[in-house]
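Inspection log for the structure reproduced underneath, given as C-alpha coordinates.
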Amino acid sequence: MTSADQIHPSRKEFLALAKEHTLVPVCRTLTADLETPVSAFLRAAWAEKECFLLESVEGGEQVGRYTFIGLNPYKRIVARGRQLAITEGKKTTQIEGDVFAILRDALGGHKPARLRDLPPFSAGAVGYFAYDAVRQIEKLPETAVDELKIPDACLLFFDEVLAFDHVRKQIWLVVTADVTLSPAAEAYDQAVKRLNKLEKRLSQPLPKVAKAKAGKLKVQSRTRKKDYIAAVAKTKEYIAAGDAFQVVLSQRFDVEPGVDSFQVYRALRNVNPSPYMFFLRFATDGPLGAAPKKAGKKQGKASRIEVAGSSPELLVRVHGRKVEYRPIAGTRPRGTSEKEDQALADEMMHDEKERAEHVMLVDLGRNDVGRVSEYGSVKVDRLMFVERYSHVMHIVSSIEGTLRKELTAVDALRACFPAGTLSGAPKVRAMEIIEELEPARRGTYGGAVLYADFSGNLDSCIAIRSLMVKDGKGSVQAGAGIVADSVPELEYQESINKASAVIRAVERAREL
1 MTSADQIHPS RKEFLALAKE HTLVPVCRTL TADLETPVSA FLRAAWAEKE CFLLESVEGG
61 EQVGRYTFIG LNPYKRIVAR GRQLAITEGK KTTQIEGDVF AILRDALGGH KPARLRDLPP
121 FSAGAVGYFA YDAVRQIEKL PETAVDELKI PDACLLFFDE VLAFDHVRKQ IWLVVTADVT
181 LSPAAEAYDQ AVKRLNKLEK RLSQPLPKVA KAKAGKLKVQ SRTRKKDYIA AVAKTKEYIA
241 AGDAFQVVLS QRFDVEPGVD SFQVYRALRN VNPSPYMFFL RFATDGPLGA APKKAGKKQG
301 KASRIEVAGS SPELLVRVHG RKVEYRPIAG TRPRGTSEKE DQALADEMMH DEKERAEHVM
361 LVDLGRNDVG RVSEYGSVKV DRLMFVERYS HVMHIVSSIE GTLRKELTAV DALRACFPAG
421 TLSGAPKVRA MEIIEELEPA RRGTYGGAVL YADFSGNLDS CIAIRSLMVK DGKGSVQAGA
481 GIVADSVPEL EYQESINKAS AVIRAVERAR EL
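Taking UniProt numbering, the leading residue of the sequence shown gets 1, the next gets one more, and so forth.
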(Lines of atoms letter the chains of each structure in order from A and count residues from 1; the text may use other names and numbers.)
(Lines give C-alpha, C1' and ligand atoms only; values in the text may rest on other atoms or scores of the structure.)
Protein backbone atom coordinates (compact mmCIF):
# COMPACT_ATOMS: atom_id res chain seq x y z
CA MET A 1 0.00 0.00 0.00
CA THR A 2 1.52 3.31 -1.04
CA SER A 3 0.65 6.98 -0.68
CA ALA A 4 -0.96 8.21 -3.88
CA ASP A 5 -0.95 11.87 -2.91
CA GLN A 6 0.59 14.18 -0.36
CA ILE A 7 -1.45 15.44 2.57
CA HIS A 8 -4.33 17.59 1.44
CA PRO A 9 -5.00 20.45 2.02
CA SER A 10 -1.57 22.00 2.43
CA ARG A 11 -0.86 23.97 5.61
CA LYS A 12 -1.44 27.22 3.71
CA GLU A 13 -4.75 26.01 2.27
CA PHE A 14 -5.82 24.71 5.69
CA LEU A 15 -5.16 28.04 7.38
CA ALA A 16 -7.23 29.80 4.73
CA LEU A 17 -10.13 27.34 5.16
CA ALA A 18 -9.93 27.70 8.94
CA LYS A 19 -10.81 31.39 8.64
CA GLU A 20 -14.24 30.56 7.19
CA HIS A 21 -15.03 27.12 8.63
CA THR A 22 -15.09 25.45 12.04
CA LEU A 23 -14.37 21.89 10.84
CA VAL A 24 -11.63 21.25 8.28
CA PRO A 25 -10.74 17.74 7.05
CA VAL A 26 -7.10 16.77 6.53
CA CYS A 27 -6.59 13.72 4.35
CA ARG A 28 -4.21 11.43 2.55
CA THR A 29 -5.04 8.86 -0.12
CA LEU A 30 -3.41 5.47 -0.39
CA THR A 31 -3.39 3.03 -3.28
CA ALA A 32 -5.38 0.06 -2.01
CA ASP A 33 -5.66 -2.47 -4.81
CA LEU A 34 -4.34 -5.22 -2.50
CA GLU A 35 -6.34 -4.25 0.61
CA THR A 36 -9.94 -5.15 1.43
CA PRO A 37 -12.37 -3.50 3.84
CA VAL A 38 -12.22 -6.59 6.06
CA SER A 39 -8.42 -6.67 6.25
CA ALA A 40 -8.24 -2.90 6.79
CA PHE A 41 -10.79 -3.11 9.60
CA LEU A 42 -8.92 -5.99 11.25
CA ARG A 43 -5.63 -4.08 11.11
CA ALA A 44 -6.89 -0.63 12.07
CA ALA A 45 -10.00 -0.96 14.21
CA TRP A 46 -10.85 -4.52 15.30
CA ALA A 47 -8.94 -4.30 18.60
CA GLU A 48 -10.63 -1.02 19.59
CA LYS A 49 -13.34 -0.81 22.26
CA GLU A 50 -15.59 1.23 19.96
CA CYS A 51 -15.54 1.20 16.17
CA PHE A 52 -17.64 0.68 13.05
CA LEU A 53 -17.56 -0.71 9.54
CA LEU A 54 -20.22 0.32 7.01
CA GLU A 55 -20.17 -1.09 3.51
CA SER A 56 -22.37 -1.88 0.56
CA VAL A 57 -21.44 -5.30 -0.71
CA GLU A 58 -24.32 -5.31 -3.15
CA GLY A 59 -26.81 -2.55 -3.87
CA GLY A 60 -29.43 -4.38 -5.82
CA GLU A 61 -27.28 -5.50 -8.74
CA GLN A 62 -24.78 -2.68 -8.30
CA VAL A 63 -21.69 -2.63 -6.09
CA GLY A 64 -21.50 0.29 -3.65
CA ARG A 65 -18.69 2.74 -4.26
CA TYR A 66 -17.65 3.48 -0.67
CA THR A 67 -16.88 1.60 2.52
CA PHE A 68 -16.35 3.47 5.80
CA ILE A 69 -14.32 2.47 8.86
CA GLY A 70 -14.21 4.52 12.04
CA LEU A 71 -12.30 4.34 15.33
CA ASN A 72 -11.39 6.50 18.33
CA PRO A 73 -14.76 8.25 18.83
CA TYR A 74 -14.44 11.54 20.67
CA LYS A 75 -18.03 11.67 21.88
CA ARG A 76 -20.77 9.22 22.85
CA ILE A 77 -24.52 9.66 23.39
CA VAL A 78 -26.36 6.83 25.16
CA ALA A 79 -30.11 6.97 25.80
CA ARG A 80 -32.55 4.95 27.88
CA GLY A 81 -35.96 6.50 27.52
CA ARG A 82 -35.52 10.22 28.19
CA GLN A 83 -32.40 9.66 30.31
CA LEU A 84 -29.23 10.45 28.38
CA ALA A 85 -25.53 10.19 29.14
CA ILE A 86 -23.21 12.32 26.99
CA THR A 87 -19.51 11.51 27.25
CA GLU A 88 -16.66 13.61 25.86
CA GLY A 89 -13.18 12.55 26.92
CA LYS A 90 -13.35 11.59 30.58
CA LYS A 91 -16.34 13.80 31.34
CA THR A 92 -19.88 12.40 31.33
CA THR A 93 -22.98 14.55 31.70
CA GLN A 94 -26.39 13.06 32.44
CA ILE A 95 -29.45 14.95 31.26
CA GLU A 96 -33.10 14.34 30.44
CA GLY A 97 -34.41 14.92 26.94
CA ASP A 98 -35.38 13.64 23.50
CA VAL A 99 -32.45 11.73 21.97
CA PHE A 100 -33.49 12.76 18.44
CA ALA A 101 -33.32 16.43 19.46
CA ILE A 102 -29.99 15.92 21.23
CA LEU A 103 -28.51 14.34 18.10
CA ARG A 104 -29.90 17.12 15.90
CA ASP A 105 -28.32 19.77 18.13
CA ALA A 106 -24.98 17.92 18.34
CA LEU A 107 -24.72 17.84 14.55
CA GLY A 108 -25.80 21.46 14.09
CA GLY A 109 -23.95 24.71 14.57
CA HIS A 110 -20.86 23.72 12.57
CA LYS A 111 -19.39 25.09 9.34
CA PRO A 112 -17.57 22.14 7.75
CA ALA A 113 -15.22 22.71 4.84
CA ARG A 114 -15.89 20.49 1.85
CA LEU A 115 -12.84 19.29 -0.07
CA ARG A 116 -13.00 18.26 -3.69
CA ASP A 117 -13.60 14.51 -4.26
CA LEU A 118 -13.89 13.84 -0.52
CA PRO A 119 -16.02 10.72 0.17
CA PRO A 120 -19.60 11.40 1.29
CA PHE A 121 -18.87 10.62 4.95
CA SER A 122 -15.70 11.79 6.67
CA ALA A 123 -16.85 12.81 10.17
CA GLY A 124 -20.03 12.73 12.22
CA ALA A 125 -22.25 10.34 14.16
CA VAL A 126 -22.62 6.58 13.64
CA GLY A 127 -24.84 4.29 15.68
CA TYR A 128 -28.25 2.79 16.18
CA PHE A 129 -31.72 3.68 17.37
CA ALA A 130 -33.46 0.66 18.89
CA TYR A 131 -37.09 0.07 17.97
CA ASP A 132 -38.25 1.38 21.36
CA ALA A 133 -36.70 4.79 20.69
CA VAL A 134 -40.11 5.40 19.11
CA ARG A 135 -41.33 6.12 22.64
CA GLN A 136 -39.68 9.53 22.23
CA ILE A 137 -42.11 10.12 19.36
CA GLU A 138 -45.34 8.30 20.27
CA LYS A 139 -46.92 7.36 23.59
CA LEU A 140 -47.27 3.58 23.65
CA PRO A 141 -48.41 1.13 26.33
CA GLU A 142 -45.67 -0.62 28.31
CA THR A 143 -46.51 -4.30 28.55
CA ALA A 144 -43.67 -6.11 26.75
CA VAL A 145 -40.76 -7.11 29.01
CA ASP A 146 -37.36 -5.47 28.46
CA GLU A 147 -35.31 -8.68 28.45
CA LEU A 148 -32.32 -7.56 26.37
CA LYS A 149 -31.73 -4.44 28.48
CA ILE A 150 -29.81 -2.49 25.87
CA PRO A 151 -29.90 1.30 25.47
CA ASP A 152 -32.58 2.79 23.23
CA ALA A 153 -29.83 4.57 21.31
CA CYS A 154 -26.04 4.42 21.10
CA LEU A 155 -24.43 7.13 18.97
CA LEU A 156 -20.69 7.60 18.54
CA PHE A 157 -19.04 10.69 17.04
CA PHE A 158 -15.96 10.15 14.90
CA ASP A 159 -13.39 12.54 13.46
CA GLU A 160 -11.07 9.76 12.24
CA VAL A 161 -12.43 7.82 9.26
CA LEU A 162 -11.00 5.48 6.65
CA ALA A 163 -13.02 5.51 3.42
CA PHE A 164 -12.54 2.96 0.64
CA ASP A 165 -13.22 4.22 -2.86
CA HIS A 166 -13.84 0.99 -4.77
CA VAL A 167 -13.89 2.72 -8.15
CA ARG A 168 -10.50 4.40 -7.80
CA LYS A 169 -9.01 1.59 -5.68
CA GLN A 170 -8.00 4.08 -3.01
CA ILE A 171 -8.30 4.46 0.74
CA TRP A 172 -8.92 7.93 2.06
CA LEU A 173 -7.50 8.57 5.52
CA VAL A 174 -9.39 11.53 6.94
CA VAL A 175 -8.92 13.41 10.21
CA THR A 176 -11.30 16.32 10.72
CA ALA A 177 -9.89 19.17 12.79
CA ASP A 178 -12.13 21.36 14.93
CA VAL A 179 -10.40 24.73 14.66
CA THR A 180 -12.52 26.21 17.45
CA LEU A 181 -10.64 24.10 20.02
CA SER A 182 -7.08 25.18 19.25
CA PRO A 183 -5.15 27.60 16.99
CA ALA A 184 -5.43 26.60 13.34
CA ALA A 185 -1.70 25.90 12.88
CA GLU A 186 -1.67 23.67 15.95
CA ALA A 187 -4.85 21.89 14.80
CA TYR A 188 -3.24 21.15 11.43
CA ASP A 189 -0.08 19.71 12.96
CA GLN A 190 -2.11 17.52 15.29
CA ALA A 191 -4.27 16.27 12.41
CA VAL A 192 -1.15 15.33 10.42
CA LYS A 193 0.21 13.35 13.38
CA ARG A 194 -3.08 11.48 13.67
CA LEU A 195 -3.03 10.73 9.93
CA ASN A 196 0.42 9.22 10.29
CA LYS A 197 -0.79 7.01 13.14
CA LEU A 198 -3.76 5.88 11.04
CA GLU A 199 -1.46 4.94 8.18
CA LYS A 200 0.79 2.96 10.52
CA ARG A 201 -2.21 0.96 11.70
CA LEU A 202 -2.78 -0.25 8.16
CA SER A 203 0.74 -1.66 7.97
CA GLN A 204 0.27 -3.80 11.07
CA PRO A 205 0.10 -7.58 10.67
CA LEU A 206 -3.36 -9.10 10.67
CA PRO A 207 -4.44 -10.01 14.20
CA LYS A 208 -5.25 -13.58 15.13
CA VAL A 209 -8.96 -13.99 15.78
CA ALA A 210 -9.82 -16.80 18.18
CA LYS A 211 -11.70 -19.71 16.65
CA ALA A 212 -14.93 -21.10 18.04
CA LYS A 213 -14.91 -24.09 20.34
CA ALA A 214 -16.14 -27.33 18.83
CA GLY A 215 -19.83 -28.06 19.24
CA LYS A 216 -23.19 -27.41 17.67
CA LEU A 217 -24.72 -23.94 17.79
CA LYS A 218 -27.68 -23.84 20.16
CA VAL A 219 -30.66 -21.78 19.02
CA GLN A 220 -33.52 -21.07 21.40
CA SER A 221 -36.78 -19.54 20.17
CA ARG A 222 -38.19 -16.96 22.58
CA THR A 223 -41.75 -17.63 21.37
CA ARG A 224 -43.44 -21.02 21.17
CA LYS A 225 -45.07 -21.84 17.84
CA LYS A 226 -48.55 -22.02 19.37
CA ASP A 227 -48.10 -18.60 21.00
CA TYR A 228 -46.98 -16.99 17.73
CA ILE A 229 -49.91 -18.55 15.85
CA ALA A 230 -52.29 -17.33 18.57
CA ALA A 231 -50.83 -13.82 18.21
CA VAL A 232 -51.42 -13.95 14.46
CA ALA A 233 -55.03 -15.02 15.04
CA LYS A 234 -55.55 -12.14 17.50
CA THR A 235 -53.99 -9.71 15.03
CA LYS A 236 -56.40 -10.88 12.33
CA GLU A 237 -59.27 -10.16 14.72
CA TYR A 238 -58.01 -6.59 15.14
CA ILE A 239 -57.70 -6.25 11.36
CA ALA A 240 -61.24 -7.60 10.85
CA ALA A 241 -62.49 -5.05 13.40
CA GLY A 242 -60.90 -2.23 11.41
CA ASP A 243 -58.09 -1.43 13.88
CA ALA A 244 -55.33 -1.94 11.32
CA PHE A 245 -54.63 -3.06 7.77
CA GLN A 246 -51.31 -4.75 8.51
CA VAL A 247 -49.24 -5.56 11.62
CA VAL A 248 -45.69 -6.94 11.60
CA LEU A 249 -45.34 -9.62 14.28
CA SER A 250 -41.84 -10.84 15.07
CA GLN A 251 -40.12 -13.43 17.21
CA ARG A 252 -36.65 -13.62 18.73
CA PHE A 253 -34.10 -16.41 18.57
CA ASP A 254 -31.40 -16.47 21.26
CA VAL A 255 -27.94 -17.84 20.45
CA GLU A 256 -24.50 -17.93 22.01
CA PRO A 257 -22.27 -17.47 18.96
CA GLY A 258 -19.13 -18.63 20.74
CA VAL A 259 -17.08 -16.74 18.18
CA ASP A 260 -15.94 -13.16 17.63
CA SER A 261 -18.85 -11.05 16.37
CA PHE A 262 -16.80 -9.68 13.49
CA GLN A 263 -16.45 -13.23 12.18
CA VAL A 264 -20.25 -13.32 12.02
CA TYR A 265 -20.16 -10.09 10.01
CA ARG A 266 -17.64 -11.65 7.61
CA ALA A 267 -19.91 -14.66 7.15
CA LEU A 268 -22.98 -12.45 6.67
CA ARG A 269 -21.38 -10.51 3.83
CA ASN A 270 -20.88 -13.83 2.04
CA VAL A 271 -24.12 -15.60 2.99
CA ASN A 272 -26.43 -12.60 2.61
CA PRO A 273 -24.73 -9.63 0.87
CA SER A 274 -26.96 -6.55 0.88
CA PRO A 275 -26.91 -2.81 0.18
CA TYR A 276 -26.45 -2.00 3.88
CA MET A 277 -23.78 -4.03 5.64
CA PHE A 278 -22.79 -2.90 9.12
CA PHE A 279 -20.67 -3.86 12.11
CA LEU A 280 -20.93 -1.64 15.18
CA ARG A 281 -19.22 -2.01 18.55
CA PHE A 282 -20.09 -0.01 21.65
CA ALA A 283 -18.34 -0.13 25.02
CA THR A 284 -21.30 0.57 27.27
CA ASP A 285 -19.31 0.94 30.46
CA GLY A 286 -20.55 4.39 31.45
CA PRO A 287 -23.79 5.66 32.95
CA LEU A 288 -26.87 4.22 31.21
CA GLY A 289 -24.68 1.84 29.24
CA ALA A 290 -25.08 -1.13 31.54
CA ALA A 291 -28.55 -1.75 32.92
CA PRO A 292 -29.00 -1.63 36.72
CA LYS A 293 -29.05 -5.04 38.38
CA LYS A 294 -31.95 -4.02 40.57
CA ALA A 295 -34.04 -0.90 40.95
CA GLY A 296 -32.33 1.66 43.16
CA LYS A 297 -28.88 0.08 42.84
CA LYS A 298 -25.81 1.16 40.89
CA GLN A 299 -25.24 0.30 37.28
CA GLY A 300 -24.24 -3.26 36.48
CA LYS A 301 -20.84 -4.38 35.22
CA ALA A 302 -19.26 -2.96 32.09
CA SER A 303 -21.08 -4.19 29.02
CA ARG A 304 -20.19 -4.47 25.35
CA ILE A 305 -22.75 -4.39 22.58
CA GLU A 306 -22.03 -5.41 18.99
CA VAL A 307 -24.42 -5.36 16.05
CA ALA A 308 -23.60 -7.16 12.80
CA GLY A 309 -26.11 -6.87 10.00
CA SER A 310 -26.97 -7.19 6.34
CA SER A 311 -30.02 -5.08 5.63
CA PRO A 312 -31.59 -4.71 2.18
CA GLU A 313 -33.74 -1.77 3.18
CA LEU A 314 -33.10 1.95 3.32
CA LEU A 315 -35.03 3.73 6.07
CA VAL A 316 -34.44 7.33 5.02
CA ARG A 317 -31.64 9.17 3.24
CA VAL A 318 -31.11 12.93 3.18
CA HIS A 319 -28.58 14.53 0.85
CA GLY A 320 -28.72 18.29 0.71
CA ARG A 321 -32.47 18.96 0.83
CA LYS A 322 -33.49 15.74 -0.95
CA VAL A 323 -35.31 13.15 1.18
CA GLU A 324 -35.42 9.54 -0.08
CA TYR A 325 -37.53 6.66 1.22
CA ARG A 326 -37.64 3.19 -0.38
CA PRO A 327 -40.25 0.77 1.01
CA ILE A 328 -39.66 -2.92 0.34
CA ALA A 329 -42.60 -5.33 0.52
CA GLY A 330 -42.89 -8.52 -1.47
CA THR A 331 -40.24 -11.24 -1.55
CA ARG A 332 -39.37 -14.25 -3.68
CA PRO A 333 -36.24 -16.47 -3.83
CA ARG A 334 -33.90 -16.08 -6.79
CA GLY A 335 -34.33 -18.62 -9.56
CA THR A 336 -31.74 -21.21 -10.52
CA SER A 337 -31.79 -19.97 -14.13
CA GLU A 338 -32.53 -16.68 -15.86
CA LYS A 339 -35.86 -18.06 -17.09
CA GLU A 340 -36.94 -19.27 -13.64
CA ASP A 341 -35.76 -16.02 -12.08
CA GLN A 342 -37.95 -13.99 -14.43
CA ALA A 343 -40.91 -16.32 -13.88
CA LEU A 344 -40.65 -15.82 -10.11
CA ALA A 345 -40.43 -12.04 -10.58
CA ASP A 346 -43.52 -12.05 -12.82
CA GLU A 347 -45.47 -14.18 -10.34
CA MET A 348 -44.53 -11.84 -7.48
CA MET A 349 -45.51 -8.73 -9.43
CA HIS A 350 -48.93 -10.23 -10.26
CA ASP A 351 -49.65 -11.46 -6.71
CA GLU A 352 -52.64 -9.36 -5.59
CA LYS A 353 -51.82 -9.78 -1.88
CA GLU A 354 -48.23 -8.61 -2.39
CA ARG A 355 -49.34 -5.66 -4.51
CA ALA A 356 -52.00 -4.56 -2.03
CA GLU A 357 -49.55 -4.70 0.90
CA HIS A 358 -46.93 -2.81 -1.07
CA VAL A 359 -49.27 -0.01 -2.18
CA MET A 360 -50.45 0.41 1.43
CA LEU A 361 -46.85 0.80 2.62
CA VAL A 362 -46.08 3.24 -0.19
CA ASP A 363 -48.99 5.39 1.00
CA LEU A 364 -47.63 5.21 4.56
CA GLY A 365 -44.18 6.21 3.31
CA ARG A 366 -45.57 9.16 1.34
CA ASN A 367 -47.30 10.33 4.50
CA ASP A 368 -44.11 10.06 6.59
CA VAL A 369 -41.97 11.89 4.01
CA GLY A 370 -44.72 14.49 3.56
CA ARG A 371 -44.51 15.45 7.23
CA VAL A 372 -41.08 17.01 6.70
CA SER A 373 -41.21 17.97 3.02
CA GLU A 374 -42.20 21.14 1.22
CA TYR A 375 -45.81 21.18 0.09
CA GLY A 376 -46.25 19.53 -3.28
CA SER A 377 -42.70 18.14 -3.44
CA VAL A 378 -43.45 14.52 -2.47
CA LYS A 379 -43.58 12.13 -5.39
CA VAL A 380 -43.32 8.42 -6.04
CA ASP A 381 -40.27 8.43 -8.27
CA ARG A 382 -40.66 4.75 -9.19
CA LEU A 383 -43.56 2.51 -8.24
CA MET A 384 -43.28 -1.24 -7.78
CA PHE A 385 -40.14 -2.42 -9.53
CA VAL A 386 -38.15 -5.60 -8.93
CA GLU A 387 -34.77 -5.34 -7.22
CA ARG A 388 -32.62 -8.46 -7.12
CA TYR A 389 -30.17 -9.47 -4.40
CA SER A 390 -27.95 -12.52 -3.96
CA HIS A 391 -30.61 -14.90 -2.62
CA VAL A 392 -33.92 -13.05 -2.94
CA MET A 393 -35.76 -10.43 -4.98
CA HIS A 394 -38.12 -7.76 -3.69
CA ILE A 395 -40.80 -5.35 -4.88
CA VAL A 396 -39.43 -1.87 -4.24
CA SER A 397 -40.73 1.66 -4.68
CA SER A 398 -38.87 4.96 -4.46
CA ILE A 399 -40.35 8.05 -2.78
CA GLU A 400 -38.75 11.51 -2.79
CA GLY A 401 -39.44 14.87 -1.22
CA THR A 402 -37.72 18.21 -0.59
CA LEU A 403 -36.88 18.81 3.06
CA ARG A 404 -38.43 21.97 4.49
CA LYS A 405 -35.85 24.71 5.06
CA GLU A 406 -36.43 24.94 8.82
CA LEU A 407 -35.92 21.18 9.34
CA THR A 408 -32.87 18.89 9.44
CA ALA A 409 -31.97 15.38 8.36
CA VAL A 410 -32.59 14.14 11.91
CA ASP A 411 -36.13 15.55 11.71
CA ALA A 412 -36.63 13.42 8.58
CA LEU A 413 -35.36 10.34 10.43
CA ARG A 414 -37.72 11.07 13.30
CA ALA A 415 -40.69 11.44 10.94
CA CYS A 416 -40.04 8.07 9.27
CA PHE A 417 -39.10 6.13 12.41
CA PRO A 418 -39.74 3.26 12.78
CA ALA A 419 -40.30 1.98 9.26
CA GLY A 420 -43.85 1.08 8.33
CA THR A 421 -42.53 -2.16 6.83
CA LEU A 422 -41.47 -3.24 10.35
CA SER A 423 -44.52 -1.95 12.24
CA GLY A 424 -47.61 -1.87 10.04
CA ALA A 425 -50.43 0.47 9.07
CA PRO A 426 -51.73 2.64 10.49
CA LYS A 427 -48.40 2.87 12.26
CA VAL A 428 -49.37 3.88 15.81
CA ARG A 429 -52.20 1.36 16.18
CA ALA A 430 -49.98 -1.35 14.70
CA MET A 431 -47.30 -0.58 17.28
CA GLU A 432 -49.87 -0.77 20.08
CA ILE A 433 -50.87 -4.24 18.87
CA ILE A 434 -47.20 -5.26 18.66
CA GLU A 435 -46.67 -4.13 22.25
CA GLU A 436 -49.64 -6.21 23.35
CA LEU A 437 -48.82 -9.40 21.45
CA GLU A 438 -45.01 -9.62 21.37
CA PRO A 439 -43.85 -10.81 24.81
CA ALA A 440 -40.52 -8.92 24.87
CA ARG A 441 -39.17 -5.63 23.58
CA ARG A 442 -37.41 -5.80 20.26
CA GLY A 443 -34.04 -4.24 21.00
CA THR A 444 -32.26 -3.12 17.84
CA TYR A 445 -34.59 -5.14 15.57
CA GLY A 446 -36.87 -2.86 13.56
CA GLY A 447 -34.90 0.22 14.59
CA ALA A 448 -32.26 2.00 12.52
CA VAL A 449 -28.52 1.97 11.86
CA LEU A 450 -27.26 5.29 10.55
CA TYR A 451 -24.54 7.77 9.88
CA ALA A 452 -25.06 11.53 9.86
CA ASP A 453 -22.52 14.24 9.09
CA PHE A 454 -22.11 17.89 10.03
CA SER A 455 -23.27 19.13 6.62
CA GLY A 456 -26.87 17.98 7.05
CA ASN A 457 -26.59 14.62 5.28
CA LEU A 458 -27.84 11.33 6.71
CA ASP A 459 -28.12 7.74 5.53
CA SER A 460 -29.94 5.05 7.49
CA CYS A 461 -31.14 1.50 7.05
CA ILE A 462 -33.68 -0.61 8.89
CA ALA A 463 -32.03 -2.87 11.47
CA ILE A 464 -33.12 -6.25 10.13
CA ARG A 465 -31.26 -9.43 9.14
CA SER A 466 -28.84 -8.72 11.96
CA LEU A 467 -27.29 -10.21 15.07
CA MET A 468 -27.10 -8.22 18.30
CA VAL A 469 -24.55 -9.50 20.82
CA LYS A 470 -24.32 -8.29 24.40
CA ASP A 471 -21.57 -9.79 26.54
CA GLY A 472 -21.34 -12.90 24.38
CA LYS A 473 -25.07 -13.58 24.21
CA GLY A 474 -26.75 -12.98 20.88
CA SER A 475 -30.22 -12.48 19.52
CA VAL A 476 -31.68 -12.67 16.02
CA GLN A 477 -35.19 -11.40 15.36
CA ALA A 478 -37.47 -11.61 12.34
CA GLY A 479 -41.14 -11.13 11.58
CA ALA A 480 -43.94 -11.34 9.05
CA GLY A 481 -46.54 -8.83 7.88
CA ILE A 482 -49.98 -9.99 9.03
CA VAL A 483 -52.98 -9.01 6.89
CA ALA A 484 -56.63 -10.08 6.73
CA ASP A 485 -56.05 -13.28 4.74
CA SER A 486 -52.80 -14.37 6.41
CA VAL A 487 -52.36 -18.07 7.16
CA PRO A 488 -50.85 -18.27 10.69
CA GLU A 489 -48.65 -21.32 10.03
CA LEU A 490 -47.20 -19.72 6.90
CA GLU A 491 -46.48 -16.44 8.68
CA TYR A 492 -44.72 -18.37 11.46
CA GLN A 493 -42.58 -20.13 8.89
CA GLU A 494 -41.80 -16.85 7.11
CA SER A 495 -40.36 -15.39 10.32
CA ILE A 496 -38.19 -18.49 10.74
CA ASN A 497 -37.02 -18.31 7.12
CA LYS A 498 -35.97 -14.67 7.50
CA ALA A 499 -34.00 -15.41 10.68
CA SER A 500 -32.33 -18.47 9.18
CA ALA A 501 -29.96 -16.48 6.93
CA VAL A 502 -28.42 -14.79 9.98
CA ILE A 503 -28.31 -18.02 11.97
CA ARG A 504 -26.56 -19.71 9.03
CA ALA A 505 -24.01 -16.90 9.10
CA VAL A 506 -23.34 -17.56 12.80
CA GLU A 507 -22.84 -21.24 12.01
CA ARG A 508 -20.47 -20.40 9.17
CA ALA A 509 -18.55 -17.94 11.37
CA ARG A 510 -17.87 -20.76 13.81
CA GLU A 511 -16.10 -22.60 10.98
CA LEU A 512 -13.80 -19.71 9.97
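We treat Cβ as the ideally placed atom computed from N, Cα and C, and that holds for glycine. These figures come from a predicted structure and were not determined experimentally.
Going by C-alpha positions, GLU400 is about 16 Å away from VAL410.
In the three-state reduction of the DSSP assignment, VAL179 falls in the coil class. Taken in chain order, the unbroken stretches of alpha helix (DSSP H) that lie wholly in the region 291-375 and span 4 residues or more are 338-349, 352-370. Selection ARG114, PHE164, PHE158, ASP227 evaluated against THR29 yields PHE164 as nearest (Cα-Cα). Taking the C-beta atoms as reference points, ARG224 is found no nearer than 8 Å to ASP254. Note on geometry: alpha-carbon atoms of VAL264 and LEU458 lie some 26 Å from one another. Secondary structure of LYS379 (DSSP, three-state): strand. In the DSSP annotation of this structure, the continuous segment of the alpha helix (DSSP H) that includes SER495 starts and ends at 488-509. For VAL410, the enclosing alpha helix (DSSP H) covers residues 409-416. In this structure, the beta-carbon distance from THR336 to GLN170 does not fall below 8 Å. Taking each of GLY370, LYS216, GLY424 in turn and checking the Cα distance to ARG510, the smallest one comes out for LYS216. In the DSSP assignment, ARG441 falls outside any alpha helix (DSSP H), carrying neither H nor E.
Linking LYS90 to LYS111 through their CA atoms gives a straight-line distance of about 26 Å. If the five residues before and after MET277 are omitted, its C-beta is found closer than 6 Å to the C-beta atoms of GLU55, VAL57, ARG269, SER310, all from its own chain and listed in chain order. Residue burial is scored here from C-beta neighbours: HIS394 has at least 16 other C-beta atoms within 10 angstroms and is therefore classed as buried. Here DSSP, grouped into helix, strand and coil, assigns ARG269 to helix. When DSSP reads this structure, ASP254 sits in a beta bridge with GLN220, SER475.
Beta-bridge pairing by DSSP links SER398 to ARG382. Annotated three-state conformation of GLY127 is strand, per DSSP. Annotation: ALA45 is outside any beta strand (DSSP E) and is labelled neither H nor E by DSSP.
Boundaries of the alpha helix (DSSP H) harbouring VAL232: 225-240, taken from the DSSP string. Apart from the 5 residues on each side of it in sequence, ALA484 sits with its Cβ closer than 6 Å to the Cβ of ILE239 in its chain, given in chain order. If one requires a minimum length of 3 residues, the beta strand (DSSP E) runs lying completely within the region 63-125 are 66-71, 75-80, 83-88, 91-96, in chain order. In the structure shown, the three-state DSSP call for THR284 is strand. If you look at LYS470, you'll find it isn't in any alpha helix (DSSP H); it sits in the beta strand (DSSP E) that goes 466-470. Counted as a single uninterrupted DSSP element, the beta strand (DSSP E) harbouring TYR451 occupies residues 448-453.
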